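The structure under discussion appears below in the form of structure tokens.
Spelled out as structure tokens, the structure:
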């Protein structure tokens, strides 16, 4: 299993709040902004929401003929379809989907400001396990 969640909790100076820095890393590819600090409780809510969406997300079956079209359709309704955290500045503008392509499961990600999709071979189950572990750490 690829360990991809990078999470660092940071207390406020008065210890009333906990902030978090979080990003996902897949090899050389970074998803999310490692320099952004957000309230840990807000990140936890975003992860909880993401887990619910991923559990209800049906993988899209793609082949060479329909891959570009399917990714375009998914991108049109990002908030409904993305399996990345939403409503949190750390992942603002990043989108991702689970697809089956050539009988293999992939997390397909497009980061803010880029045109290309990254294909990361990963199961939805492994993705969920790491998100659930991150929630426990927040």
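In this note's numbering, the protein residues as written are 5 to 142.
Every residue, glycine too, gets a C-beta built ideally from N, C-alpha and C.
Remember, it's a predicted structure, so these values are computed and weren't measured experimentally.
(message) For residue 95 and residue 31, which I take to be in contact (beta-carbon distance under 8 angstroms), what is that distance rounded to the nearest angstrom?
(response) Their Cβ separation, rounded to whole angstroms, is 18 angstroms, which puts residue 95 and residue 31 out of contact at 8 angstroms.
(message) So, at 7 angstroms on beta carbons, what are the nonlocal neighbours of residue 50 in its own chain, with the 5 sequence-adjacent residues on each side left out?
(response) 89, 90, 91 and 92
(message) Whole angstroms are fine: how far does the CA of residue 7 sit from the CA of residue 59?
(response) Spanning the two alpha carbons is a distance of roughly 19 angstroms.
(message) Cutting at 8 angstroms between CB atoms, please list the residues of its own chain near residue 137, excluding the five before and the five after it.
(response) Result list for residue 137: 9, in chain order.
(request) Take the Cβ of residue 12 as the centre, count every other Cβ of all protein chains shown within 10 Å, and call the residue buried at 16 or more, exposed below. (result) exposed
(request) Reducing DSSP to helix, strand and coil, say where residue 12 ends up. (result) DSSP places residue 12 in strand when its eight states are reduced to three.
(request) Indicate whether residue 22 and residue 44 have their beta-carbon atoms separated by less than 9 angstroms. (result) yes
(request) Indicate the three-state DSSP secondary structure (helix, strand or coil) for residue 135 in the structure shown. (result) helix
(request) Within the same chain, show all residues whose beta-carbon is closer than 7 angstroms to that of residue 48, passing over the 5 residues directly before and after it, in chain order. (result) 139 and 142
(request) Keeping to the same chain, check which residues put their C-beta closer than 6 angstroms to that of residue 14; ignore five residues upstream and five downstream. (result) 23
(request) Would you list, in sequence order, the uninterrupted alpha helix (DSSP H) runs of no fewer than 4 residues that lie entirely inside the segment 45–122? (result) Complete alpha helix (DSSP H) runs here, min 4: 71–80 and 82–85.
(request) Out of 19, 46 and 54, state which residue places its alpha-carbon closest to the alpha-carbon of residue 134. (result) 54
(message) Give me the residue from 112, 107, 27 and 106 with the minimum Cα distance to residue 76.
(response) 112
(request) List the endpoints of the continuous beta strand (DSSP E) containing residue 28. (result) 22–30
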